[in-house]
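First up is the structure itself, then whatever we jot down about it.
Residue numbers (my numbering), protein chains in the order written: chain V, 1 to 197; chain B, 1 to 218.
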């Protein structure tokens, strides 16, 4: 089961938060797009995610017009790939992140992005509701844990994801020694693992 | 077979793959290992989840006023064919799908070039920041003693090899950096086939391999 190495913990609490409910709603909207080509559901997803995707692309170095163009392509891909979304493996935000990241590699670097082969389950695979709910809750919890990280650690993680920078390039930009960057990121990951237990 | 894998990807590599900051040759090697390794697939899922959480927390940037309409237009009239759907695991293939993509077929389609001592290689078409190549090491043979200037990933696809650090079998990945000088030797039982990615030329210790290095492109 995807995501469980970092996220699994026994005796999981079943309290639903507003964020959980929001995650569930996004999952339903993707299903509505897949099953009915529902434009209203798409507009709601677009309203929430498109400005975030655009911000992500601009923080990664795109100018406003390239970021706008790529954002539209990412959101169009969400519609076109709605049948491939599996809520037991990813939240909608995680899924959109992977689409945006691949678009970024394609548009910024003109490179192919090799992806792992799919796991063997047929198109008839129906996601289990309980699994999907558990995954959305774990995702929410990880979001909280990231927000709780000390600024020095969270900023380095953000730079690693958004800045399109290697650790060496982060070292050049921040003036921090490479060893410090690596150990802070390691500390951040340890902390995230701990908070998911 | 995934249970038998003992050597996995590091957090740093999985995170950089998830973030999309690795050179193409490394992306290919990570994607190939993850195709074979359920544990690393699950860990990668966690790193993608971090990416999703960061996007969720982004301070929003206004999209163009006609952005939604333009996107719906794109959906109605796709400018280009949408990306191919990820290939599924095919049980009769030796190589995982991402690698078959770069070769244009399974192992039988590889265009090997001899590099001496029975060792053969095939360089795969990736961006120039790093090199990906398939290595064929005959059973019992050795790759010359070498060190690295950067990072070298070696993923075993068939057979096994051992070096000064450990033994590596199908699915195992060795992550070697500047500190490691090693002489990988293939197991006697079967020819060994590996996918190797490097972001800097290898440093061979013997004189002859070093002279040949520019010609072999390794």
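For every residue, glycine included, the Cβ atom is placed at its ideal position computed from N, Cα and C.
Remember, predicted model here, so these are calculated numbers, not experimental data.
Check the DSSP bridge columns for residue i and list the partner residues they point to.
i, result
"residue 133 of chain B", "B/123 and B/196"
"residue 153 of chain B", "B/175 and B/197"
"residue 168 of chain B", "B/161"
"residue 142 of chain B", "B/185"
"residue 113 of chain B", "B/121"
Given residue i, which residues of its chain have a CB within under 7 Å of its CB, disregarding the five upstream and five downstream residues?
i, result
"residue 106 of chain B", "93, 94, 95 and 100"
"residue 26 of chain V", "45 and 92"
"residue 127 of chain V", "86, 87 and 88"
"residue 35 of chain B", "96, 97 and 98"
"residue 99 of chain V", "74, 77 and 78"
"residue 195 of chain B", "29, 32, 99, 132, 134, 155 and 157"
"residue 122 of chain B", "110, 111, 112, 113, 133 and 134"
"residue 56 of chain V", "100 and 162"
"residue 181 of chain V", "156, 167, 170 and 171"
Go through its chain and collect everything with a Cβ distance to residue i's Cβ below 8 Å, but skip five positions before and after it.
i, result
"residue 82 of chain B", "With a pLDDT of only 49 at residue 82 of chain B, under 50, the local geometry of the prediction cannot be trusted, and the value read off the model is given with reservation. The answer is none, since no qualifying residue turns up."
"residue 19 of chain V", "140 and 143"
"residue 4 of chain B", "169, 170 and 171"
"residue 38 of chain V", "29 and 32"
"residue 168 of chain V", "178"
Leaving aside the five residues before and after residue i along the sequence, list all residues of the same chain whose C-beta is less than 6 Å from its C-beta, in chain order.
i, result
"residue 16 of chain B", "22"
"residue 119 of chain B", "137"
"residue 14 of chain B", "43, 44 and 47"
"residue 48 of chain V", "none"
"residue 50 of chain V", "71 and 75"
"residue 193 of chain B", "136, 157 and 158"
Going by CA-CA distance only, name the one from the options that's closest to residue i.
i, options, result
"residue 44 of chain B", "B/18, B/114 and B/123", "B/18"
"residue 136 of chain B", "B/39, B/151, B/125 and B/160", "B/160"
"residue 77 of chain V", "V/60, V/64, V/90 and V/95", "V/95"
"residue 136 of chain V", "B/7, B/9 and B/49", "B/49"
"residue 161 of chain V", "B/30, B/37, B/54 and B/70", "B/54"
"residue 101 of chain V", "V/133, V/119 and V/58", "V/58"
"residue 7 of chain B", "B/174, B/181, B/182 and B/42", "B/174"
"residue 42 of chain B", "V/49, V/75, V/116 and V/194", "V/116"
"residue 182 of chain B", "B/153, B/191 and B/157", "B/153"
"residue 148 of chain V", "V/61, V/194 and V/132", "V/194"
"residue 38 of chain B", "V/119, V/168 and V/35", "V/119"
"residue 22 of chain V", "B/31, B/56 and B/141", "B/56"
"residue 52 of chain B", "V/170, V/90 and V/111", "V/90"
"residue 66 of chain V", "V/51, V/52 and V/107", "V/107"
* Can you give, in chain order, each stretch of the alpha helix (DSSP H) that sits fully within the region 80-148 of chain V and has at least 4 residues? -> 92-109 and 129-147
* To do: Would you check if there are 3 or more beta carbon pairs closer than 8 Å linking the region 114-130 of chain B to the region 23-43 of chain B?
  => yes
* the region 153-167 of chain B contacting the region 180-199 of chain B, beta-carbon criterion three pairs below 8 Å -> yes
* To do: For the region 172-189 of chain V and the region 146-163 of chain V, state whether three or more C-beta atom pairs, one from each stretch, are separated by less than 8 Å.
  => yes
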